[in-house]
Amino acid sequence: MASSDPAATSPEARDDDLLDKVINLTKRRGFIFPSAEIYGGFRSAYDYGPLGVNMLRNVKQAWWRSMVQLRDDVVGIDAAILGPPAVWEASGHLATFTDPLVDCRRCHERWREDKIDGVCPNCGSTEFTEARAFNLMFKTQAGPVEGEGATAYLRPETAQGMFTNFANVLTTTRRRPPFGIAQVGKSFRNEITPQNFVFRTREFEQMEMEYFVPPAEAEHWYRYWIEARYAWYLDLGIPASLLRRHEHAPEDLSHYSRGTTDIEFDYPWGFDELEGIANRGDYDLTQHSRASGVRLEYFDQATGERYTPYVIEPAAGATRAMMAFLLAAYHEDVVEGETRSVLRLDWRLAPYQVAVLPLSKKPELEAVSRDVLTRLQAHFMCDFDVTQSIGRRYRRQDEVGTPYCVTVDFQSLEDRAVTVRDRDTTAQTRVAIDDLLGELRRRTGQD
Numbered sequence: 002m003a004s005s006d007p008a009a010t011s012p013e014a015r016d017d018d019l020l021d022k023v024i025n026l027t028k029r030r031g032f033i034f035p036s037a038e039i040y041g042g043f044r045s046a047y048d049y050g051p052l053g054v055n056m057l058r059n060v061k062q063a064w065w066r067s068m069v070q071l072r073d074d075v076v077g078i079d080a081a082i083l084g085p086p087a088v089w090e091a092s093g094h095l096a097t098f099t100d101p102l103v104d105c106r107r108c109h110e111r112w113r114e115d116k117i118d119g120v121c122p123n124c125g126s127t128e129f130t131e132a133r134a135f136n137l138m139f140k141t142q143a144g145p146v147e148g149e150g151a152t153a154y155l156r157p158e159t160a161q162g163m164f165t166n167f168a169n170v171l172t173t174t175r176r177r178p179p180f181g182i183a184q185v186g187k188s189f190r191n192e193i194t195p196q197n198f199v200f201r202t203r204e205f206e207q208m209e210m211e212y213f214v215p216p217a218e219a220e221h222w223y224r225y226w227i228e229a230r231y232a233w234y235l236d237l238g239i240p241a242s243l244l245r246r247h248e249h250a251p252e253d254l255s256h257y258s259r260g261t262t263d264i265e266f267d268y269p270w271g272f273d274e275l276e277g278i279a280n281r282g283d284y285d286l287t288q289h290s291r292a293s294g295v296r297l298e299y300f301d302q303a304t305g306e307r308y309t310p311y312v313i314e315p316a317a318g319a320t321r322a323m324m325a326f327l328l329a330a331y332h333e334d335v336v337e338g339e340t341r342s343v344l345r346l347d348w349r350l351a352p353y354q355v356a357v358l359p360l361s362k363k364p365e366l367e368a369v370s371r372d373v374l375t376r377l378q379a380h381f382m383c384d385f386d387v388t389q390s391i392g393r394r395y396r397r398q399d400e401v402g403t404p405y406c407v408t409v410d411f412q413s414l415e416d417r418a419v420t421v422r423d424r425d426t427t428a429q430t431r432v433a434i435d436d437l438l439g440e441l442r443r444r445t446g447q448d
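This is how it looks when you write it as C-alpha cells:
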C-alpha cells in the first residue's frame, strides 16, 4: 500500500496484514488496550484508551446527530442494563437466543458450529460432539437473597427497553407514528467464540433505533432506513467499494422478521455484518402487551383507528463501526522519502481534530501556543505536543488521524501567524492567528 503520492493510496490496495497493523496501532497509540493486561488480560474484553475513547464518543455522537438531533420524528432514551426475566421471556430471548455449540473431541476447545466449516481452528480436527443449543444471555442475581425471585439478566441488546417504554414515550412526547425511539448503550452476550479483535466481544456498545410505523407503511420505511443508514457510512468516509447491502432470504430470517438487510463491510476476512435493518412487524409490541397485560397500541383520533405499530429497526454496533472506520482509514504512503502510516479519518471521527505544535519549548513560543490552543479548544478536540522534532510530531499526528496540525514557530512572534498542515495532502499554509478559527471551521465545513 505504498505510494509516492500521499493522496494516491486506495482502500482496495489494503494488504493481507491490515488487521494486525491496525491492532498494533491501536495498542501503541492508545486507542484500545486488552482489559486488565497487567493480570494477563481477560478474553474478549478491551479498554478504550485516551484516543480510543475520543473516537468512540465521536462515532456515537455522529450517529446521535444523524438519528436524533437532525430529525423531529425521533427521540432518545437510556434504559436500564439489568432486566427481569419477564422481559426476556416475552421477547423470546430465554427460549431462542442461542448458538449451536460443539466440542472438539481432540483438543476439547468449544466452537460455534456455524462458524468453523467442520474443521477445528485450534487443532484441525474434524471430529466434534453433537451440536447443542447454548443460550447467550448473561444471568445474575439482583439483591441480597439468592433465589428465583432475584434472578436478573444483563441485556443482550438495547431494543427491549425501547419496546417496554413505548407507552411512556408515546404519552410524554405526544408523538404519533411514524416516529422513533433511539438509544446508545452497553449490551452483553456470552459469545462462544469471541473473535477478530473488537468485531465480536462479550461486552459491546450498540446504537439502535426502533421506528414505529403504521402497518401499511412498513415496507416504505424499511427501504428508507436501508438507504439512510448506508448513506451514513459513505458520508463519514467509508468508500462504496468496501460496503454492500445483503438482503436475507426468507428462509434465513429471524422468527420475528418480515425482512432483514445487513449493511456489510469488507473486513480483512471478507464481507461481514456492520449493521442490520429489520422489519420486525408487530412482534415486539404484541409480545410485551400479552405478557404484561398493558395495551401497547396507537389510537389515531383523526381516523378512529386503533392498531399495533410495526417496527423498523436499524441496529449498529458502535465498537464494530469504529473498527470499520479504522480499517477503511488506514493507509501507508511515502512522504519526503519516508514511509508513513496515516489514518485518513473524517474530521468528525478523529480523536483529535487539531494538534498545536510549538516548534520549540522556549517560553515565548509556548505562551503563543497556549493562546492558540485556548482559542481552538472550545470548538475542536485538540492535542498539544512539544516533544521530539517537528517531523516526528507530524508523523505521530498522521498515524492517529489528526486532520490538521498548527505549528507555532519563531516567525509567529513577529507576524502573529501560524502554519496549518493538512494531514492528507501534507500541504502547509500560513494563516493569521486571528483568522485561524475561521479557517479551520471553513475547512471542516462548519461555515
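Convert by adding 1 to the 1-based position in the sequence shown; the result is the number in our numbering.
Note that CB positions come from ideal geometry on N, CA and C, so glycine has one too.
Owing to the predicted nature of the structure, the values given are computational and were not obtained by experimental measurement.
Any C-beta of chain D under 8 Å from that of residue i
| i | result |
| --- | --- |
| Asp-79 | Note that chain D does not occur in the displayed structure, where there is just one protein chain. |
Boundaries of the beta strand (DSSP E) in which residue i is found, first to last residue
| i | result |
| --- | --- |
| Gly-181 | 180-189 |
| Thr-340 | 339-344 |
| Asp-347 | Where Asp-347 is concerned, there is no enclosing beta strand (DSSP E), given that its DSSP letter is neither H nor E. |
| Met-210 | 204-214 |
| Ala-356 | 355-359 |
| Val-199 | Taken as a continuous stretch (DSSP letters only), Val-199 belongs to no beta strand (DSSP E), as it is neither H nor E. |
| His-247 | 244-248 |
| Glu-333 | 331-336 |
CA nearest to the CA of residue i, picked from the options
| i | options | result |
| --- | --- | --- |
| Asn-191 | Ser-45, Asp-334, Thr-388 and Ala-87 | Ser-45 |
| Leu-71 | Ala-229, Ile-24 and Glu-333 | Ala-229 |
| Met-56 | Ile-78, Val-76, Trp-64 and Phe-32 | Phe-32 |
| Val-312 | Glu-209, Asp-334, Arg-393 and Pro-359 | Glu-209 |
| Pro-86 | Asp-79, His-94 and Ala-80 | His-94 |
| Gly-439 | Thr-427, Arg-376, Thr-426 and Asp-384 | Arg-376 |
| His-247 | Ile-78, Thr-261, Glu-298 and Asn-123 | Thr-261 |
| Tyr-225 | Asp-236, Tyr-212, Leu-235 and Leu-237 | Tyr-212 |
| Leu-297 | Trp-89, Asn-166, Tyr-49 and Pro-35 | Asn-166 |
| Gly-186 | Tyr-268, Gln-62 and Arg-422 | Gln-62 |
| Glu-337 | Ala-379, Arg-393 and Pro-269 | Arg-393 |
| Ala-482 | Lys-22, Ile-24, His-109 and Ala-317 | Given a span of 2 to 448 for the chain in the structure shown, any question on residue 482 remains unanswerable. |
| Arg-442 | Trp-270, Val-355 and Ala-217 | Val-355 |
| Met-138 | Ala-151, Leu-83 and Glu-128 | Leu-83 |
| Asp-372 | Ala-80, Pro-122 and Thr-408 | Thr-408 |
| Gln-447 | His-380, Ala-168 and Ala-81 | His-380 |
| Cys-406 | Leu-235, Pro-216 and Thr-430 | Thr-430 |
| Glu-128 | Cys-108, Asn-136, Arg-417 and Lys-140 | Cys-108 |
| Leu-286 | Arg-113, Asn-25 and Pro-215 | Pro-215 |
| Pro-315 | His-332, Met-323 and Trp-233 | Trp-233 |
| Ala-134 | Cys-124, Pro-310, Arg-111 and Pro-145 | Arg-111 |
| Gln-78 | Arg-321, Tyr-154, Ser-293 and Met-163 | Inspection of the sequence shows that residue 78 is occupied by Ile rather than by Gln. Checking every option, the nearest Cα to that of Ile-78 belongs to Met-163. |
| Ala-303 | Pro-145, Pro-178, Pro-240 and Cys-121 | Pro-178 |
| Tyr-353 | Gln-207, Tyr-49, Gln-398 and Thr-309 | Gln-398 |
| Glu-90 | Pro-51, Asn-136 and Arg-58 | Asn-136 |
| Leu-52 | Arg-29, Asp-73 and Tyr-154 | Arg-29 |
| Tyr-49 | Phe-43, Asn-59, Phe-34 and Arg-58 | Phe-34 |
Endpoints, the alpha helix (DSSP H) within which residue i is located
| i | result |
| --- | --- |
| Thr-261 | Segment 260-268 is the beta strand (DSSP E) holding Thr-261; no alpha helix (DSSP H) there. |
| Glu-228 | 219-236 |
| His-94 | 94-97 |
| Leu-26 | 19-29 |
Whole-angstrom C-beta distance between residue j and residue i, which should lie under 8 Å
| i | j | result |
| --- | --- | --- |
| Gly-402 | Ala-319 | Their Cβ separation, rounded to whole angstroms, is 17 Å, which puts Gly-402 and Ala-319 out of contact at 8 Å. |
| Thr-420 | Asp-410 | 7 Å |
| Leu-472 | Tyr-231 | Since the first and last residues shown for the chain are 2 and 448, residue 472 lies out of range. |
| Glu-400 | Val-343 | 6 Å |
| Ala-143 | Val-103 | Actually they are not in contact, since the Cβ atoms of Ala-143 and Val-103 sit about 33 Å apart, beyond 8 Å. |
| Arg-307 | Phe-300 | 5 Å |
| Gly-238 | Phe-326 | 7 Å |
Checklist entry - Whole alpha helix (DSSP H) runs in the segment 281-326 with 4 or more residues, listed along the chain? => result Within the segment 281-326, complete alpha helix (DSSP H) segments of at least 4 residues are found at 284-293, given in chain order.
Next on the checklist: For the segment 97-111 against the segment 200-210, do three or more pairs of beta-carbon atoms, one drawn from each stretch, fall closer than 8 Å, so that the two count as touching?
Outcome noted: The segment 97-111 vs the segment 200-210: no contact.
Next on the checklist: Quick check for students: name the residue ranges of the alpha helix (DSSP H) that lie wholly in the segment 99-182, counting only runs of 4 or more.
Outcome noted: The alpha helix (DSSP H) runs lying completely inside the segment 99-182 and spanning 4 residues or more are 160-165 and 167-174, given in chain order.
Checklist entry - Given 8 Å as the limit, is there contact between the segment 155-169 and the segment 107-120, that is, 3 or more CB pairs closer than that? => result Cβ pair count under 8 Å is below three, so no.
Checklist entry - When the Cβ atoms of the segment 388-403 are set against those of the segment 428-439, are three or more pairs found closer than 8 Å? => result With the cut-off at 8 Å, the segment 388-403 and the segment 428-439 do not touch.
Checklist entry - At which residue ranges does the segment 374-445 contain complete alpha helix (DSSP H) runs of 4 or more residues, listed in the order of the chain? => result The qualifying runs are 391-401, 413-416 and 434-444.
Next on the checklist: For the pair the segment 253-266 and the segment 281-290, tell me if three or more CB-CB distances fall below 8 Å.
Outcome noted: These segments touch.
Item to check | Cβ contact (3+ pairs, closer than 8 Å) linking the segment 36-50 and the segment 335-349 | outcome: As far as the Cβ criterion goes, the segment 36-50 does not touch the segment 335-349, which means the pair count is below three.
Item to check | Cβ contact check for the segment 50-69 and the segment 160-173: 3 or more pairs under 8 Å | outcome: Contact between the segment 50-69 and the segment 160-173 is absent, because fewer than three Cβ pairs lie under 8 Å.
Next on the checklist: Assess contact between the segment 376-385 and the segment 351-368, defined as three or more Cβ pairs (one per stretch) separated by less than 8 Å. Is contact present?
Outcome noted: They touch, by the three-pair rule.
Next on the checklist: Give the list of continuous beta strand (DSSP E) stretches no shorter than 3 residues that lie fully inside the segment 31-56.
Outcome noted: For the beta strand (DSSP E) assignment, the uninterrupted runs of no fewer than 3 residues enclosed by the segment 31-56 are, from N- to C-terminal side, 33-35 and 47-49.
Next on the checklist: Just to confirm the assignment: which complete beta strand (DSSP E) runs, minimum length 3, are found wholly within the segment 56-94?
Outcome noted: Segments of the beta strand (DSSP E) lying fully in the segment 56-94: 75-77.
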